[in-house]
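Residue numbers for the sequence shown, in this note's numbering: -17 to 161. Heads up, the beta-carbon is just placed ideally off N, CA and C, and yes, glycines get one too. Computed from a predicted structure; not experimentally measured. Working notes, beginning with the structure itself.
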Amino acid sequence: NTSSTIKQAIENWYAGTTLKDNALISQDQIFCNDRSGFSVGASYYYSAYERLNSNKKPILTCPEESDKFTSKGGSIGNKTLEYPVGLITADEVAMAGGVYSTNNTSYYLYTNQNYWVGSPSSFDSSGSTFFASEFYVYSSGFFDYYNVSYTFGARPVISLSSSAKLSGDGTYNNVYMVS
């Protein structure tokens, strides 16, 4: 019901780019914020915590319909986003080569910077203090979870529509070009 600080930040970034009115950006991209999970005492662990920390089995599906965040201009999902931009999920980071609590500087999501990803980890309501934790990619390439009160960067993601054409091979001297 209330937009997070990071959601507001990436939507403000998106609104200030040339992407805002670009027909090559998919309006139907689902940004999954999987809020399913389980309780242990005063703590709630989101499903990504169990999938990535305990089981090491990432998924690319979004288990709950209400967690399929899409833009208001789309035709699927919950249509609660102002723009078709979100954060990569911890599951996607794992599939790209990120390993929970293990340094890795040789996968393409490594940036030598700390940045949040769009997957909640846990919520602890013991005592008079509440702690919400979210997954993030650490500057040495591993991913973990941390209290959301800390300031890390964000790496917004978008998806191209099926009408987008790519040229180039993605190398430093021949970067992908979208037309």
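Burial check for Leu148: the Cβ neighbour count within 10 Å stays below 16, so the residue is exposed.
The alpha-carbon of Thr(-13) is positioned some 14 Å away from that of Arg137. Within the DSSP secondary-structure output, Lys50 pairs in a beta bridge with Cys14. The Cβ atoms of Glu74 and Trp98 lie no closer than 7 Å to each other. Gly135 sits away from Tyr92, with the two beta carbons spaced by 7 Å or more. In the three-state DSSP reduction, Asn35 falls in the helix class (H, G or I). Using a Cβ distance threshold of 7 Å, Ile140 and Val67 count as a contacting pair. Excluding sequence positions up to five before and after Tyr27, its CB lies within less than 7 Å of the CB of Gly19, Phe20, Ser104, all in the same chain and listed in chain order. Distances from the alpha-carbon of Lys61 to those of Thr71, Lys50, Ile70 put Lys50 closest.
In terms of Cβ geometry, Gln95 and Ser121 form a close pair [threshold 7 Å].
Assigned with DSSP and collapsed to three states, Thr(-13) falls in helix. When DSSP states are grouped into helix, strand and coil, Asn60 belongs to the coil group.
Ser131 is positioned such that its CB atom lies no closer than 7 Å to that of Ala30. The alpha-carbon separation between Gln(-10) and Asp16 amounts to approximately 19 Å.
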